[in-house]
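Novice:
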Amino acid sequence: MILNKKTWKVGELAKQTGLTVRMLHHYDKISLFSPSQYSDTGHRLYTESDIVRLQQIMSLKQLGFALEEIKEIMENRNFNPVEIIKVQLDDVKKRIRLQELLCSRLEKIYELLNSQQEVTPEQFINLIEVINMNKDKYFTQEQQEKMFEQFGLEERKQYVSKWAEITAKIRVEYEKGTPPENLDVTQLAKQWNEFVNKLTFADPEISKAAERYYRENPEIGEKFGIDQQLSDYIKKAMSHI
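Take the sequence shown: its position 174, counting from 1, is numbered 173 in numbering that gives the first Met the number 0, and each next residue is one higher.
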């Protein structure tokens, strides 16, 4: 067969982009991102046009769209990749400005503390304001108060710890290839959801905001071993309860 001048095997593409082979396989499975070519031995081969599509997918994902939404957007005849780049660029610039502001205020307080000078309450208030700017994008002030004032710190730590343990058990089943409808998996998913409800007070608006928060800040979810694939797996298991 005739191949493009430049193609990437799935492992090569994963390594160069920082994505995982499992993620690329998942995108192929749901028909979101599939290779344009295959080698004579059946290996996936991604072309330059595939790379362009992958960039568009990752831009939309970074903007907070779910995979199902991304698929619908890209299948729309009016889809404009230039506009997506512009929106993402504006979002990144906003994040940079916020981080620069946070860095500036942290440096100032660090210098004062390091030289044993007094830090005024106003300076700490200004720092807290910047730290909370990111959360304000997702949670209302009322929601934040409800989440962080109802529980004592130790009690909340216990809930999060138990939730992380259940997440790890679900990850094991996922890695083993256990079907999401398996009874053991659905029971774990039920327990997982119960702890989520405790942490969000079973408030649908808080749950929705939290889902968006973790979706747009995947590095936070990854600390608990949750990526998009595991999240989808848990949702499928929940649908069988």
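Using N, Cα and C, we set each Cβ at its ideal position, and we do this for glycine too. What you are looking at is a predicted structure, and each value in this text was computed from that prediction instead of being measured.
Per DSSP, what kind of secondary structure is M132 in: helix, strand or coil?
Specialist: Low confidence applies to M132: its pLDDT is 49, below 50, so where it sits in the model is not reliable, and the reading given next is rough at best. In this structure, M132 counts as helix in the three-state DSSP scheme.
Novice: Could you tell me whether the stretch 193 to 200 touches the stretch 161 to 169, where touching means 3 or more Cβ pairs closer than 8 Å?
Specialist: At 8 Å Cβ cutoff, the stretches touch.
Novice: Throw me the rounded Cβ distance for the Q169 and L187 pair, which I believe falls under 8 Å.
Specialist: A small correction: the amino acid at residue 169 is Ile; Gln does not occupy that position in the sequence shown. Yes, they are in contact, since the Cβ atoms of I169 and L187 sit about 5 Å apart, within 8 Å.
Novice: When you compare the CB positions of S30 and D49, do they come within less than 9 Å of one another, or not?
Specialist: Not in contact: S30 and D49 (Cβ atoms no closer than 9 Å).
Novice: Helix or strand or just coil, what does DSSP make of K234?
Specialist: Residue state, collapsed to three classes: helix.
Novice: Per DSSP, what kind of secondary structure is K8 in: helix, strand or coil?
Specialist: Reduced to three states, the DSSP call for K8 is strand.
Novice: Counting pairs of Cβ atoms below 8 Å between the stretch 40 to 60 and the stretch 96 to 110, do you hit three or more?
Specialist: Taking 8 Å as the limit for Cβ pairs, the verdict is that the stretch 96 to 110 does not touch the stretch 40 to 60.
Novice: Is Q15 helix, strand or coil when you go by DSSP?
Specialist: The answer is helix: DSSP assigns Q15 an H, G or I state.
Novice: By DSSP, does F32 sit in helix, in strand, or in coil?
Specialist: F32: coil per DSSP, three-state reduction.
Novice: Could you give the residue range of the beta strand (DSSP E) that holds R43?
Specialist: Segment 43 to 45, the beta strand (DSSP E) holding R43.
Novice: Look at the alpha carbon of P203 and the alpha carbon of Y212, and state the distance between them as a whole number of angstroms.
Specialist: Near 14 Å, if we compare the C-alpha coordinates of Y212 and P203.
Novice: Let's test the definition: count the other Cβ atoms within 10 Å of the Cβ of P305 and tell me whether it reaches 16, buried, or not, exposed.
Specialist: The structure shown has nothing for residue 305, since the chain only spans 0 to 240.
Novice: State the Cα-Cα distance for the pair L2 and Q15, rounded to the nearest angstrom.
Specialist: Reliability fails at L2, whose pLDDT of 46 lies under 50, so the model's placement of it is uncertain and the value that follows must be treated cautiously. When rounded, the distance between both Cα atoms is 20 Å.
Novice: So which of I240, L198, N79, Q190 has the shortest CA-CA distance to V159?
Specialist: Minimum Cα distance to V159 is reached at L198.
Novice: Taking the straight line between their C-alpha atoms, what separation do you get for Q61 and M22?
Specialist: In a straight line, the C-alpha of Q61 is about 15 Å away from that of M22.
Novice: State the Cα-Cα distance for the pair L88 and R94, rounded to the nearest angstrom.
Specialist: C-alpha separation (whole angstroms): 10 Å.
Novice: Run through the DSSP bridge pairs and tell me what Y37 is partnered with.
Specialist: Answer by DSSP bridge pairing, in chain order: R43.
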